[in-house]
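To keep things clear, I will list the structure first and then write my remarks on it.
Below, the structure is given as structure tokens:
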């Protein structure tokens with residue numbers, strides 16, 4: 228089975244762990260993600276960029292899709308489970324190196340687990356960039372900011388701007 232846009236994609240169907248609480252981030256628009264929350268792994272959305280769950284005994288788990296060797300992976304909910312698919316989105320592309328698809332971490336402390344997960348993921352992708360804690364914090368982020376272009380492109384009006392202003396309040 229191939230992901231959209233490819234004839235030679237890679238698909239993994241995973242049986243999810245038992246979980247009481249799940250939160251994640253999914254792509255809601257080309258450059259935007261939005262959070263979602265579920266009581267279990269049933270009815271997960273498509274194009275998940277981050278998953279965090281808590282198991283009944285209190286342990287935490289997290290997973291992220293990876294990119295590399297010309298492929299991009301995505302996590303999708305599927306039949307009350309998890310489907311991870313990787314594709315180059317080019318029908319005749321065949322990778323010449325192993326394809327990193329997914330990073331998963333388990334632990335007792337989610338605040339320690341998540342940075343370790345991203346560090347591991349970056350290593351498996353060949354360290355294509357710096358992790359958040361390796362970068363200086365931009366001063367501009369000390370102030371609230373919002374870009375109407377990213378939110379609405381050319382379909383912006385006074386009513387939409389005022390609605391956003393009220394939501395910040």
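In my numbering, the protein residues as written are 228 to 396. For every residue, glycine included, the Cβ atom is placed at its ideal position computed from N, Cα and C.
The Cβ atoms of residue 311 and residue 328 sit closer than 8 Å to each other.
Secondary structure in the stretch 311-367: the beta strand (DSSP E) runs of 3 residues or longer, each lying completely within the stretch, are 329-334 in chain order. By the CB criterion at 8 Å, residue 275 and residue 299 fall outside the cutoff. Apart from the 5 residues on each side of it in sequence, residue 340 sits with its Cβ closer than 7 Å to the Cβ of 287, 289, 332, 334 in its chain, given in chain order. For residue 387, the enclosing alpha helix (DSSP H) begins and ends at 385-395. Under DSSP, residue 248 shares a beta bridge with 281.
Inclusion of residue 269 and residue 307 in the CB contact set at 8 Å is warranted, their separation being smaller than that value. Pairing residue 251 with residue 279 gives a Cβ-Cβ distance under 8 Å. Under the DSSP definition of a beta bridge, residue 288 partners with 280, 333. Counting of Cβ neighbours within 10 angstroms places residue 392 among the exposed residues, the total staying below 16. Assigned with DSSP and collapsed to three states, residue 259 falls in strand.
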